[in-house]
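> Take a look at the following structure, please.
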Amino acid sequence: MKKFRKVLDGLTTSSPGGTIGSPSSGSAAGTPTSAPTPKEIDVQETLVSENFQLCKTVRHGFPYQPTALAFDPVQKILAVGSRTGGIRILGRPGVDCYCQHESGAAVLQLQFLINEGALVTACADDTLHLWNLRQRRPAVLHSLKFNRERITFCHLPFMSKWLYVGTERGNTHIVNIESFVLSGYVIMWNKAIELATKTHPGPVVHLSDSPKDEGKLLIGFESGTIVQWDLRGKKADFRIYYDEAIHSVSWHHEGKQFMCSHSDGSLSMWNLRNTTKPFQVTFPHGKIQKDGRKESCKPILKVEFKTSRNSEPFVIFSGGLSYDKAGRRPTLTIMHGKAITVLEMDHPIVEFMALCETPYNNEVQEPYAVVVLLEKDLIVVDLTQSNFPVFENPYPMDIHESPVTCTAYFADCPPDIIPILYSMGAKHKKTGYSHKEWPVAGGLWTLGSNTYPEIILTGHADGSIKFWDASAITLQMLYKLKTSKAFEKPKPAEGRAAEMVEEDPFAVQMVSWCPHSRIFCVVGISAHIILYRFSKYEANAQIVSLEVRLQCETEDMVTPSESENHPCFSEAGSRSPQAHHQHPASPGSATPEGNRDSVPCIKVKDRMVRVPPGYQAELVIQLLWADGEPPQQITSLDINSAYGLLALGNCNGLAVVDYLQKTILLCASTLDLYGAADPYQRLTRSPRRNRQSTSEFCMRGLSNFYSDSKKRIRTSYQSLTELSDNQQSVDMERSKSPTSESRENSFSRSRSSSVCSIDRDTKEAVTTLQFGESYGRKGDAMPTPCLWVGTSLGVVLLIPMSIPTDQEERMDEPVTIGPSGTVLMLKGSVLRFSFLDCTGALIQSPHEVWRDPNAPEDPERPRRRKLVNFSPSSSQDNCGEGHLAVVCSEKQAKVVLMPSQSCLFVHNITESSFVLRADVVSLCSSVCLACFCANGHVMTLSLPSLRPLMDVNYLPLTDMRIARTFCFTNGGQALYLSSPTEIQRITYSQEMCDNLQEMLGELFTPIETPEAQNRGFLKGFFGGNSHNFDREELFGEASAGKASRSLAQHIPGQVGMEGMKVAASGVMGDLARARVALDERGQRLGELEDRTALMMTSAETFSKHAHELMLKCKDKKWYQL
């Protein structure tokens, strides 16, 4: 704990633009400096560096670019591998784990060690990894890197420690899972095929042991060659040469037949009694044409042949459709007896897998579901019902239903908001799901003790907004809002307007939500804002539309000044702003060239509409076209329910709207807000002058004004976005948040006086807005409602307002606004405002307590607005002695004392990079300033002293998606969109990192392995001696020798500090599980010993009786027996 006391000593006077401490050279963070204050400030700071630690918590959403699928039928957990080397392991709701290969190589195949709590992954860099799943954060135990051959297929028999690995050269190697080293036993491709065969059989595409005899290994080669290899005799039992390429093979559980899928869309059935030709070849989707030939079909990429006791066997396969129809959707076909069901999918099928009751391949399989992994979805089909319904997915796999364009994160919400939103959203849920429980029900998860309500909002390119319950590290859909319902369907444009129109005109750019008043604002890409109120009742309503013409142009002629960062700060009333009043709605006018003017981009519905319960649109604010140019996108927004005001800004200026009276209070350019004391001394210019360059500036961005280094940064971000997002990158770029665009545009503007004039010739955008109780002028004795305005040139403006407090007067009397001028300047674009009282506590913004606008009226109890933190008494109690204003820009942070506007503390956050996101958040009963920089650093600074508390190089900005979606919240949490389909949540709180192990789910739970069915004497006698097959004796070093060292390299698992902490925290659980495992093993060993003794006694008895019978019949003739 550190106490700061600042007392004015009369030796130095300070001004709002007082001395700024120079940043430390060569460092990302500077040193905080302070200036004397005109009064005594007594703040006790409790946060220290030990309160902070950065780590990932959980990842939500669908695995991006999936490649592989695996299922443990005993533990009932599912694993999905991705192209970027990620693994998602899913169980019951709450059991959701994300792992990442350090190499980042694509996952080719996954193999569970069934009921062993381990997973083998085969990656595209020809490396095998063994993951330990008996801890809440899985870690790699062993890795095996193949040096000379490429891995194509892996197979791990049930209850075996020997992994078969097929390669591109056609060879099959065997790996010991326990030691993760190669066996000397190798099946070479030239030994597997006949010596007379002159062609290479191709890569190994299938490996499986025979259900009838584990000593027989079936090897499938891509060319169509199939070999059953006798592992004991080291020879081939039979070889099959088929004309069509093989994609997959599936056994019948009796081990006498198997089925193959081929590249020509056919399925071939083979019997081991006669392998010269298939006894059945079918083209499930191939029709016979008029000339008698089969039509060509697409390849069947995978087939599964599963038997059932009480019905016909299931044949499930993907692909195989004919080529006759273009644009056909991908399909999964289920053949059950004579019935053929074709399930059409919305996305291409990556992999599918039938879920069966037994893990043994030599028993009747009894499939009950099929997991289908699509490119952008995961579905599970119920096979126990004839119509094959799908299960309702408990995981949030539809975050990317429409591309995510913005996010917002709210922690510690009012406890009643989540149930209300859930009840509203439940009315619109889809139906037709299977009534059975979700089959992937493995693992264990319990609700933690330190949970609180959390809500995540995602805005999407189609104009929809989703509310998610993010409490207790889970994510569940609550409510979905479609903003497009407030507008008419857009008509196709023509000419130049068609080039400028967005493909997603309703795309969401930013949201503003007050959970207490339940007022919700949405900013769209068509320069529109929708204000929603929440109601439990449906209503007939007509949306009010306000149109704003905010198209002011200035010529940024800046006079070089040595004191650029210390402008003359104006007092109130120096100059009244030039207001641009509302233009009435009109059909629009057109010039002879066909240019649009004074019309919005999209049309609001102008009729009464029936709105369901939930969020109901009340007001739409739209910026208008001007002089044939589209309106500039909105870059900043703030709404205050206590004031009844909404403020918006863009690169042209600022507008303030009274949404209670539905009037526009202020519409002014940024230059007008300065009054007579413009720090840059700019001149207005004619709207007709330089229109083309202005249009290019507006529509194409600020590329002409970038310095070379920033151009390279922007280009690299765009290229990386295009590479990573593929087709979605186009949609994401179109619906890019204007806030991030504006911030990105302002990155290049240097604050030094030596910058050339072309860098200065830029528009000054309004980048952030904040309503609050503050002091509009230096001489004010009491706080009043104010609007803080931050611009892209680092200027902070303050606009005081006079708002009637009485409810009747508020609806009738106008709100007066008068800008007071500049408060201070910072380096870089202003990003965030926040206010603290003189004890360092966060001042909450005034808000209105929610009341249902459509509730029935009670004559005895008239409804009145209930305001919090907005009254003369509360203002006097809380802020009568002044307050602290925290201002953060792209480069630095300042703490200013109000009303004197004295700068108390300054901290240069970064010189080599820029801040993308900054927020004042509460943590451990205190507050701090959290920043995320473009160089990947996550920083926290104490308040009000701005001491650096944490600086972690976490995540380099490789994609503008991260800049658009990164956001902080209270409790030391943050999130960002790690891929187009996934949300990554992180924490920077040491307390949460310590408790994270308790919050995560257990992937492995001790479950007894089901016993194999009794096969009977005749089946065991005639079905082969599979149970006598000893792999250890065959593949071990004693008999097979050692493999060549140059063939593969063993890499021990890397256990870092985090892994050590995980292991340490889970040691008690591991010991308990080990004790249970030892007890189970001891019990099994005891049972085995009893069975062995019983067999020995039985054998001795049988031997005795046989000897007696032999003696009795020894001297008798055959006809005497």
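Residue numbers for the sequence shown follow our numbering, beginning at 8 and rising by one.
All residues carry an ideal CB built from backbone N, CA and C; glycine is no exception.
Figure out for me which residue from GLY344, ILE194, SER491 and CYS161 has the closest Cα to the Cα of ALA1047.
The residue with the shortest Cα to Cα distance from ALA1047 is ILE194.
> Relative to the alpha-carbon of SER605, which residue among LEU225, ARG614, GLY635 and THR91 has its alpha-carbon at the smallest distance?
Checking every option, the nearest Cα to that of SER605 belongs to GLY635.
> Evaluate contact between the region 71-86 and the region 356-373, counting only Cβ atoms and requiring at least three cross-stretch pairs below 8 Å.
Flag = yes, the region 71-86 and the region 356-373 touch.
> Would you check if the distance between the CB atom of ALA356 and the CB atom of VAL377 is smaller than 8 Å?
In the sequence as presented, Ala is not what sits at residue 356; that position holds Ile. Against a cut-off of 8 Å, the Cβ pair of VAL377 and ILE356 comes out as no contact.
> What number of angstroms, rounded off, separates the C-alpha of GLY209 from the C-alpha of MET166?
Looking at the two C-alpha atoms, the distance is approximately 30 Å.
> The beta strand (DSSP E) spanning CYS62 covers which residue range?
Its beta strand (DSSP E) spans residues 59-68.
> Would you kindly work out how many angstroms separate the C-alpha atoms of ALA654 and LEU76, rounded to a whole number?
Each residue's Cα considered, the two are about 49 Å apart.
> According to DSSP, simplified to helix, strand and coil, what is LEU1118?
Residue state, collapsed to three classes: helix.
> How is the beta strand (DSSP E) around THR965 delimited, first residue to last?
No beta strand (DSSP E) contains THR965, which DSSP labels as neither H nor E.
> To the nearest angstrom, report how far apart PRO987 and ALA514 are at their CA atoms.
Cα to Cα, PRO987 sits roughly 15 Å from ALA514.
> For the region 664-682 against the region 824-844, do three or more pairs of beta-carbon atoms, one drawn from each stretch, fall closer than 8 Å, so that the two count as touching?
As far as the Cβ criterion goes, the region 664-682 touches the region 824-844, which means the pair count is three or higher.
> Note down the Cα distance separating SER552 from TYR666, rounded to an integer number of angstroms.
Each residue's alpha carbon lies about 11 Å from the other.
> For PRO860 and VAL387, what's the separation of their Cα atoms in angstroms?
Going by the C-alpha atoms only, they are around 42 Å apart.
> Check whether the Cβ atoms of PRO790 and ILE810 sit closer than 8 Å, and answer yes or no.
The answer is no: Cβ separation not under 8 Å.
> Indicate whether the contact test is met: 3 or more Cβ pairs, each with one atom in the region 483-493 and one in the region 425-437, closer than 8 Å.
With a cut-off of 8 Å, the region 425-437 and the region 483-493 count as touching, because enough Cβ pairs lie within range.
> Name the DSSP beta bridge partners of ASN178, please?
Beta-bridge pairing links ASN178 to no other residue.
> Taking the C-alpha atoms as reference points, what is the distance between MET4 and LYS284?
This structure cannot settle anything about residue 4, because the visible part of the chain is limited to 8 through 1128.
> Tell whether a beta-carbon distance below 8 Å holds between GLY470 and LYS489.
Closer than 8 Å, so yes.
> Kindly say whether GLY660, judged by its beta-carbon, lies nearer than 8 Å to any beta-carbon of chain B.
Any reference to chain B falls outside this structure, which holds one protein chain only.
> Using the C-alpha atoms, what's the distance from ASP244 back to TRP196?
Between TRP196 and ASP244, the C-alpha separation is close to 15 Å.
> In or out: LEU202 buried (at least 16 other Cβ within 10 Å) or exposed?
Classification of LEU202: exposed, given that the 10 Å Cβ count is below 16.
> Distance, Cα to Cα, HIS1057 vs HIS180?
For HIS1057 and HIS180, the distance between alpha carbons rounds to 15 Å.
> Could you give the distance in angstroms between the alpha-carbon of SER744 and the alpha-carbon of VAL830?
In this predicted model, SER744 has a pLDDT of only 38, less than 50, meaning its place in the structure is not dependable enough to derive any value.
> Among PHE119, SER89 and HIS136, which has the Cα closest to the Cα of ALA113?
The shortest C-alpha separation from ALA113 is found at SER89.
> Along the beta strand (DSSP E) that carries VAL671, what are the first and last residues, could you check?
The question names Val, but residue 671 is Ile in the sequence shown. It spans 670-676 - the beta strand (DSSP E) in which ILE671 sits, taken as one unbroken run.
> Taking the DSSP output, what are the residues bridged to CYS521?
Answer is ILE526.
> Can you check DSSP and say which residues form a bridge with LEU661?
Beta-bridge pairing links LEU661 to GLY656 and ALA675.
> Can you tell me which residues form a DSSP beta bridge with MET808?
MET808 pairs with ILE824.
> Quick check on the DSSP output: the beta strand (DSSP E) that includes GLU311 runs from which residue to which?
Where GLU311 is concerned, the enclosing beta strand (DSSP E) stretches over 307-313.
> First and last residue of the beta strand (DSSP E) that includes MET957?
Run containing MET957: 955-960, per the beta strand (DSSP E) assignment.
> Count the other CB atoms within 10 Å of the CB of ILE307; is the residue buried (16 or more) or exposed (fewer)?
Burial call: buried.
> Around the Cβ of TYR713, are there at least 16 other Cβ atoms within 10 angstroms (buried) or fewer (exposed)?
Caution is warranted here: a pLDDT of 29 is assigned to TYR713, below 50, making its placement in the model unreliable, and the coordinate value is therefore given only provisionally. Buried: at least 16 other Cβ atoms inside 10 Å.
> Can you tell me whether CYS910 is buried or exposed, with buried defined as 16 or more other CB within 10 angstroms of its CB?
The residue is buried, with at least 16 neighbouring Cβ atoms inside 10 Å.
> Which partner residues does HIS854 have in the DSSP bridge list?
In the DSSP output, where bridge partners are listed per residue, HIS854 has VAL875.
> Return the bridge partner residues of THR414 from the DSSP annotation.
Its beta-bridge partners are THR465.
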